[in-house]
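If you use this note's numbering, the sequence shown corresponds to residues 990 to 1259, in order. Working notes, structure below.
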Amino acid sequence: MKKRNIFVSAVLALTLIIGVTGCSTKDNNAGKETAPKNLLETIKNDGKIRIGTEGTYAPFTFHDNNGTLTGFDVEIANEIAKRLGVKAEFVETKWDGMFAGLDAKRFDAVLNEVSINPEREKKYDFSTPYITSRAVLIVRSDNQDIKKFEDLKGKKSAQSLTSNLGKIAKSYGAELVQIDGFNQAIDLLTSKRVDATINDSLSFLDLKKQKPDAPIKSVADYNNAEQSAVLFRKGNKELVDAVNKALADMKADGTYLKISQKWFGTDVSK
990 MKKRNIFVSA VLALTLIIGV TGCSTKDNNA GKETAPKNLL ETIKNDGKIR
1040 IGTEGTYAPF TFHDNNGTLT GFDVEIANEI AKRLGVKAEF VETKWDGMFA
1090 GLDAKRFDAV LNEVSINPER EKKYDFSTPY ITSRAVLIVR SDNQDIKKFE
1140 DLKGKKSAQS LTSNLGKIAK SYGAELVQID GFNQAIDLLT SKRVDATIND
1190 SLSFLDLKKQ KPDAPIKSVA DYNNAEQSAV LFRKGNKELV DAVNKALADM
1240 KADGTYLKIS QKWFGTDVSK
């Protein structure tokens, strides 16, 4: 009887060990199956995509009279998020900290009219372009000294130091005065603390539409048109592909054109 009890106890112990091991293996496998495999899956699991943007760059990303974040890029971002099945969560950041914020994973993507250039393409991935714009040279209405880019030599130009526009101003010999966004550049210009600013033609047209009496004028267009796109950290192909599909679908069903005409009266992707 004693031997039989020992045998039964051993069988029960072995059964318990097998059962525990089986459950553990099953649980581990289940954990592996549900863990997000990439950033796109993480975004979908969280139900939100974090978007880096300035919030001070009308008409692309700014606050309206009620304090609500709005603009062309904001509407594009919301529509992309909708098509990914998530919500857009905007993280407002000064332009000069935008890339560092993306590197630090403070947000998943940037929508802020970020132009594509070879230097940025080495470090980041871009979506397909969704904006085409040109740089313009803006001065006060009473300025008779600056009529072309070459006239910037030795003059003060309000620019974001890390932007392509700032590089253009510097290439013509301008002394750069750092600003956080378009509105600040215009404030410095109209208050005569700078002589000029090189900025986006679409922003200039929107400002003149909103404030036709603003004492500024555009005196020269930069030759090369630039394309802008959504900016991502490298290594997130699934997210880039999903955003590209969302943009393509928006253009195909007329949503993109509707948003573009609302803000600019034309298709700004061309």
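Glycine included, each C-beta is placed from N, C-alpha and C at the ideal position. As the structure is a computational prediction, the values presented were derived from the model and not from experiment.
Please classify residue i: is it buried, with 16 or more other beta-carbons within 10 angstroms of its beta-carbon, or exposed?
| i | result |
| --- | --- |
| Asp1092 | exposed |
| Thr1255 | exposed |
| Leu1220 | buried |
| Ala1214 | exposed |
| Trp1252 | buried |
| Ala1218 | buried |
| Asp1140 | buried |
| Gly1056 | exposed |
By the DSSP assignment, the beta strand (DSSP E) with residue i in it spans what residues?
| i | result |
| --- | --- |
| Lys1234 | No beta strand (DSSP E) contains Lys1234, which is instead part of the alpha helix (DSSP H) from 1226–1241. |
| Leu1141 | Where Leu1141 is concerned, there is no enclosing beta strand (DSSP E), given that its DSSP letter is neither H nor E. |
| Ala1124 | 1124–1129 |
| Glu1043 | First-last for Glu1043: undefined, no H or E at that position. |
| Ala1147 | 1145–1148 |
| Ala1077 | 1076–1081 |
With DSSP run on the structure shown, which of helix, strand or coil describes residue i?
| i | result |
| --- | --- |
| Gly1020 | At Gly1020 the pLDDT is 49, less than 50, meaning the model places this residue with poor confidence; the figure from the coordinates comes in the next sentence. Residue state, collapsed to three classes: helix. |
| Ser1207 | strand |
| Ile1175 | helix |
| Leu1165 | strand |
| Asp1189 | strand |
| Tyr1119 | coil |
| Ile1135 | coil |
| Arg1109 | helix |
| Ser1180 | coil |
| Phe1253 | helix |
| Ile1007 | Caution applies to Ile1007, whose pLDDT of 44 falls short of 50 and renders its modelled position unreliable; the model cannot decide the point. |
| Gly1056 | coil |
| Leu1220 | strand |
| Phe1051 | strand |
| Leu1100 | strand |
| Asp1195 | helix |
| Lys1247 | helix |
For residue i and residue j, I'd like the C-alpha separation in whole angstroms.
| i | j | result |
| --- | --- | --- |
| Lys1137 | Ile1157 | 13 Å |
| Thr1050 | Tyr1161 | 28 Å |
| Ile1168 | Lys1142 | 19 Å |
| Leu1001 | Gly1041 | Its pLDDT being 46, under 50, Leu1001 is placed unreliably in this model, and the coordinates cannot settle the point. |
| Asp1131 | Gln1173 | 19 Å |
| Glu1064 | Ser1258 | 15 Å |
| Ser1190 | Pro1204 | 16 Å |
| Asp1195 | Thr1023 | 47 Å |
| Lys1026 | Ile1032 | 11 Å |
| Ser1116 | Asp1202 | 37 Å |
| Asn1106 | Gln1216 | 9 Å |
| Gly1155 | Arg1095 | 25 Å |
| Ile1038 | Lys1197 | 33 Å |
| Asp1077 | Ala1098 | The sequence given here has Ala at residue 1077, not Asp. Answer to the nearest angstrom: the Cα atoms are 10 Å apart. |
| Lys1159 | Glu1030 | 42 Å |
| Phe1171 | Gln1199 | 14 Å |
| Gly1074 | Gln1250 | 25 Å |
If you follow the alpha helix (DSSP H) that residue i is part of, which residue opens it and which one closes it?
| i | result |
| --- | --- |
| Gly1155 | 1153–1160 |
| Asn1034 | 1028–1035 |
| Asn1067 | 1061–1073 |
| Leu1091 | 1087–1092 |
Does the pairing of the region 1109–1129 with the region 1208–1226 give three or more beta-carbon distances under 8 Å?
yes
Should the region 1094–1110 be regarded as contacting the region 1046–1062, the criterion being three or more beta carbon pairs within less than 8 Å?
yes
Do three or more CB pairs link the region 1230–1243 to the region 1063–1070 at distances below 8 Å?
Flag = yes, the region 1230–1243 and the region 1063–1070 touch.
Count the CB pairs spanning the region 1147–1155 and the region 1181–1201 that are closer than 8 Å, and state whether there are at least three.
Yes, the region 1147–1155 is in contact with the region 1181–1201.
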